[in-house]
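S.K.: The structure's right below; bear with me while I get my questions together.
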Amino acid sequence: MFNKKVFKYVYITIFILWLIGIILTLNLMPIQDFGTLTYAQQVEAQKEYSIHYDLGILLIKISEVCFILVSLYLVFKWIIKRRN
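Be aware that the sequence shown starts at 1, since it is given in my numbering, and climbs by one per residue.
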């Protein structure tokens, strides 16, 4: 149905979405003694000082789901091909 080139571009697009999500969630302000904060305080600091935390998390989750679905499709297609 699809050729290998299409899946290559799909994986590259998924990787770029994941990378943009990581960049959007990065904490851009240095925080002293970050390890002494509780988890809730760390998340709040990251939300406050990142570029766009919520959008970044959404992009990361979407890219992970797409990666899993495309990988499962390719494995299923490979298994069907090997059986025939």
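The C-beta atom is built at its ideal place from N, Cα and C for all residues, glycine as well.
Relative to the C-alpha of Glu48, which residue among Phe15, Lys61, Met29 and Asp33 is closest?
M.R.: Within the sequence shown, the letter at position 48 stands for residue 48. Residue Met29 is the option with its Cα nearest to Glu48.
S.K.: Quick check: what's the CA-CA separation for Ser71 versus Leu58?
M.R.: Residue mapping note: residue 71 aligns to position 71 of the sequence shown, counting from 1. Residue mapping note: residue 58 aligns to position 58 of the sequence shown, counting from 1. Whole-angstrom Cα-Cα distance: 20 Å.
S.K.: Does the beta-carbon of Gln46 have 16 or more other beta-carbons within 10 angstroms, so that it is buried, or is it exposed?
M.R.: Along the sequence shown, one-based indexing puts residue 46 at 46. Buried, since its Cβ has 16 or more Cβ neighbours within 10 Å.
S.K.: Let's test the definition: count the other Cβ atoms within 10 Å of the Cβ of Thr25 and tell me whether it reaches 16, buried, or not, exposed.
M.R.: The residue given as residue 25 occupies position 25 in the sequence shown. Looking at its Cβ environment, which holds 16 or more other Cβ atoms inside 10 Å, Thr25 is buried.
S.K.: Tell me the rounded alpha-carbon separation between Leu74 and Ile60.
M.R.: To locate residue 74, count along the sequence shown from 1; it is residue 74. To locate residue 60, count along the sequence shown from 1; it is residue 60. One C-alpha to the other measures close to 21 Å.
S.K.: Using a 10 Å radius around the Cβ and a threshold of 16 neighbouring Cβ atoms, would you call Gly35 buried or exposed?
M.R.: Here residue 35 is taken as the residue at index 35 of the sequence shown, counted from 1. Gly35 should be labelled exposed.
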